[in-house]
Amino acid sequence: MQGRMKEHPLSEEEISALLVSQSVGNLGTVSLEGFPYITPVHYVVIEGKIYIHGLCVGQKIDYLKANPKIGFEVFKMNGLIHDPELPCDTNTDYQSVIILGIAKLVDDDALKIQVLDEVVKKFTPQHTGKSYPPAMLKATGVIEITPAVTTGKYFK
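Quick note on numbering: the sequence shown equals residues 1 to 156 in the UniProt record's numbering.
Pasting the structure below:
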(Lines of atoms letter the chains of each structure in order from A and count residues from 1; the text may use other names and numbers.)
(Lines give C-alpha, C1' and ligand atoms only; values in the text may rest on other atoms or scores of the structure.)
Protein backbone atom coordinates (compact mmCIF):
# COMPACT_ATOMS: atom_id res chain seq x y z
CA MET A 1 0.00 0.00 0.00
CA GLN A 2 1.25 3.48 -0.83
CA GLY A 3 2.47 5.60 2.07
CA ARG A 4 -0.16 8.28 1.60
CA MET A 5 -2.89 5.61 1.44
CA LYS A 6 -1.91 4.43 4.91
CA GLU A 7 -1.92 7.95 6.34
CA HIS A 8 -4.83 9.53 4.44
CA PRO A 9 -7.38 6.92 3.32
CA LEU A 10 -10.90 7.95 2.38
CA SER A 11 -13.69 6.05 4.15
CA GLU A 12 -16.23 4.09 2.10
CA GLU A 13 -18.72 6.92 2.67
CA GLU A 14 -16.21 9.53 1.47
CA ILE A 15 -15.40 7.41 -1.59
CA SER A 16 -19.11 7.13 -2.43
CA ALA A 17 -19.65 10.86 -1.90
CA LEU A 18 -16.74 11.77 -4.17
CA LEU A 19 -17.90 9.42 -6.92
CA VAL A 20 -21.44 10.82 -6.81
CA SER A 21 -20.36 14.47 -6.63
CA GLN A 22 -17.98 14.55 -9.60
CA SER A 23 -18.92 14.68 -13.28
CA VAL A 24 -15.81 13.41 -15.05
CA GLY A 25 -13.69 10.35 -14.49
CA ASN A 26 -10.78 8.88 -16.41
CA LEU A 27 -11.24 5.41 -17.86
CA GLY A 28 -8.06 3.42 -18.37
CA THR A 29 -8.11 0.56 -20.83
CA VAL A 30 -5.36 -1.42 -22.56
CA SER A 31 -4.85 -0.85 -26.29
CA LEU A 32 -4.57 -3.74 -28.71
CA GLU A 33 -0.81 -3.06 -28.74
CA GLY A 34 -0.64 -3.27 -24.92
CA PHE A 35 -0.38 0.45 -24.18
CA PRO A 36 -2.48 2.25 -21.55
CA TYR A 37 -5.31 4.25 -23.14
CA ILE A 38 -6.97 6.89 -20.95
CA THR A 39 -10.29 8.49 -21.84
CA PRO A 40 -12.05 11.23 -19.85
CA VAL A 41 -15.72 10.25 -19.53
CA HIS A 42 -18.97 11.37 -17.93
CA TYR A 43 -20.35 8.71 -15.63
CA VAL A 44 -23.04 7.83 -13.10
CA VAL A 45 -23.04 5.47 -10.14
CA ILE A 46 -25.90 3.01 -9.66
CA GLU A 47 -25.84 0.43 -6.85
CA GLY A 48 -22.06 0.52 -6.52
CA LYS A 49 -21.32 0.16 -10.23
CA ILE A 50 -19.98 2.82 -12.58
CA TYR A 51 -21.84 3.42 -15.84
CA ILE A 52 -20.49 5.32 -18.83
CA HIS A 53 -22.44 6.20 -21.94
CA GLY A 54 -21.33 7.13 -25.45
CA LEU A 55 -21.14 5.73 -28.93
CA CYS A 56 -21.24 1.96 -29.17
CA VAL A 57 -18.19 1.96 -31.46
CA GLY A 58 -14.69 3.36 -31.08
CA GLN A 59 -11.29 2.69 -29.58
CA LYS A 60 -12.32 2.29 -25.95
CA ILE A 61 -15.07 -0.15 -26.98
CA ASP A 62 -12.60 -2.16 -29.09
CA TYR A 63 -10.16 -2.24 -26.18
CA LEU A 64 -12.82 -3.28 -23.65
CA LYS A 65 -13.95 -6.12 -25.88
CA ALA A 66 -10.37 -7.39 -26.16
CA ASN A 67 -9.55 -6.91 -22.46
CA PRO A 68 -12.30 -6.05 -19.96
CA LYS A 69 -9.88 -5.20 -17.12
CA ILE A 70 -9.97 -1.45 -16.51
CA GLY A 71 -8.84 1.31 -14.23
CA PHE A 72 -11.12 4.22 -13.39
CA GLU A 73 -10.04 7.38 -11.58
CA VAL A 74 -11.88 10.38 -10.16
CA PHE A 75 -10.02 13.36 -8.71
CA LYS A 76 -11.11 16.53 -6.96
CA MET A 77 -8.55 19.28 -6.46
CA ASN A 78 -9.56 21.66 -3.69
CA GLY A 79 -6.54 23.94 -3.92
CA LEU A 80 -2.81 24.30 -3.44
CA ILE A 81 -1.05 24.28 -0.09
CA HIS A 82 2.18 26.24 -0.13
CA ASP A 83 4.60 28.12 2.06
CA PRO A 84 5.09 31.61 0.58
CA GLU A 85 8.73 31.55 1.74
CA LEU A 86 9.63 28.12 0.32
CA PRO A 87 8.87 27.67 -3.40
CA CYS A 88 9.48 23.91 -3.29
CA ASP A 89 7.21 23.34 -0.28
CA THR A 90 3.98 22.99 -2.24
CA ASN A 91 1.33 20.31 -2.03
CA THR A 92 -2.23 19.75 -3.21
CA ASP A 93 -5.43 19.60 -1.16
CA TYR A 94 -7.27 16.81 -2.97
CA GLN A 95 -9.40 13.68 -2.85
CA SER A 96 -9.07 10.82 -5.31
CA VAL A 97 -10.61 7.42 -5.97
CA ILE A 98 -9.12 4.64 -8.06
CA ILE A 99 -11.15 1.62 -9.12
CA LEU A 100 -9.79 -1.55 -10.67
CA GLY A 101 -12.57 -3.55 -12.20
CA ILE A 102 -14.18 -5.41 -15.04
CA ALA A 103 -16.09 -3.59 -17.77
CA LYS A 104 -18.75 -4.90 -20.09
CA LEU A 105 -21.18 -3.46 -22.59
CA VAL A 106 -24.78 -3.37 -21.42
CA ASP A 107 -27.10 -5.17 -23.83
CA ASP A 108 -30.25 -5.13 -21.68
CA ASP A 109 -32.42 -2.25 -22.95
CA ALA A 110 -34.18 -1.82 -19.58
CA LEU A 111 -30.84 -1.33 -17.81
CA LYS A 112 -29.60 0.92 -20.61
CA ILE A 113 -32.68 3.14 -20.19
CA GLN A 114 -32.22 3.20 -16.40
CA VAL A 115 -28.60 4.33 -16.87
CA LEU A 116 -29.55 6.95 -19.46
CA ASP A 117 -32.27 8.25 -17.12
CA GLU A 118 -29.60 8.74 -14.42
CA VAL A 119 -27.27 10.41 -16.93
CA VAL A 120 -30.04 12.82 -17.95
CA LYS A 121 -30.92 13.52 -14.30
CA LYS A 122 -27.26 14.29 -13.48
CA PHE A 123 -26.19 16.27 -16.56
CA THR A 124 -29.33 17.62 -18.28
CA PRO A 125 -32.11 17.55 -15.67
CA GLN A 126 -34.33 19.75 -17.85
CA HIS A 127 -34.85 16.66 -20.06
CA THR A 128 -35.82 14.28 -17.24
CA GLY A 129 -38.83 12.13 -18.13
CA LYS A 130 -38.46 12.38 -21.90
CA SER A 131 -38.31 9.20 -23.96
CA TYR A 132 -35.39 8.15 -26.13
CA PRO A 133 -35.87 7.70 -29.88
CA PRO A 134 -35.30 4.01 -30.75
CA ALA A 135 -32.50 4.81 -33.23
CA MET A 136 -30.68 6.88 -30.60
CA LEU A 137 -31.08 4.16 -27.99
CA LYS A 138 -29.69 1.58 -30.41
CA ALA A 139 -26.68 3.79 -31.31
CA THR A 140 -25.83 4.53 -27.67
CA GLY A 141 -23.37 2.30 -25.89
CA VAL A 142 -23.41 1.88 -22.13
CA ILE A 143 -20.42 0.47 -20.27
CA GLU A 144 -20.90 -1.14 -16.87
CA ILE A 145 -17.91 -1.30 -14.53
CA THR A 146 -18.01 -3.77 -11.67
CA PRO A 147 -15.35 -2.73 -9.14
CA ALA A 148 -12.95 -5.40 -7.88
CA VAL A 149 -10.77 -3.04 -5.83
CA THR A 150 -11.67 0.52 -4.81
CA THR A 151 -9.31 2.82 -2.95
CA GLY A 152 -9.50 6.47 -2.02
CA LYS A 153 -7.08 8.93 -0.52
CA TYR A 154 -6.87 12.59 0.37
CA PHE A 155 -4.43 15.24 1.48
CA LYS A 156 -5.22 18.51 3.25
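We put the beta carbon where it would ideally sit given N, CA and C, even for glycine.
Checklist entry - Are the segment 81-90 and the segment 101-113 touching by the rule of at least three beta carbon pairs closer than 8 Å? => result no
Item to check | Integer-rounded CB distance, given that I143 should sit under 8 Å from I52 | outcome: Counting from one through the sequence shown, the residue named residue 52 turns up at place 52. Counting from one through the sequence shown, the residue named residue 143 turns up at place 143. Correct: roughly 4 Å between the Cβ atoms.
Checklist entry - What separation, rounded to the nearest whole angstrom, lies between the Cα atoms of L64 and P87? => result What you label residue 64 is simply residue 64 of the sequence shown in a count that begins at 1. What you label residue 87 is simply residue 87 of the sequence shown in a count that begins at 1. Spanning the two alpha carbons is a distance of roughly 43 Å.
Item to check | Range of the contiguous beta strand (DSSP E) that encloses E14 | outcome: In the sequence shown, the residue the question calls residue 14 occupies position 14. Not the beta strand (DSSP E): E14 falls in the alpha helix (DSSP H), residues E12 to S21.
Checklist entry - So is Q126 buried or exposed if we call it buried at 16+ other beta carbons inside 10 Å? => result Counting from 1 along the sequence shown, the entry for residue 126 is found at position 126. Under this definition Q126 is an exposed residue.
Next on the checklist: Let's see if you can read the secondary structure: which residues bound the alpha helix (DSSP H) around E85?
Outcome noted: Within the sequence shown, numbered from 1, the residue matching residue 85 stands at position 85. No alpha helix (DSSP H) contains E85, which DSSP labels as neither H nor E.
Next on the checklist: When you measure from the CB of T92 to every non-hydrogen atom of the ligand ADP, does any distance come out below 7 Å?
Outcome noted: Although the ligand ADP was asked about, the structure shown includes no ligands whatsoever.
Checklist entry - Are the Cβ atoms of H42 and V24 separated by less than 8 Å? => result Within the sequence shown, residue 42 is the residue found at index 42, counting from 1. Within the sequence shown, residue 24 is the residue found at index 24, counting from 1. Taking 8 Å as the Cβ cut-off, H42 and V24 qualify as a contacting pair.
Checklist entry - Going by the beta-carbon positions, is the gap between V119 and T128 smaller than 8 Å? => result If you number the sequence shown from 1, residue 119 lands on position 119. If you number the sequence shown from 1, residue 128 lands on position 128. Contact: no.
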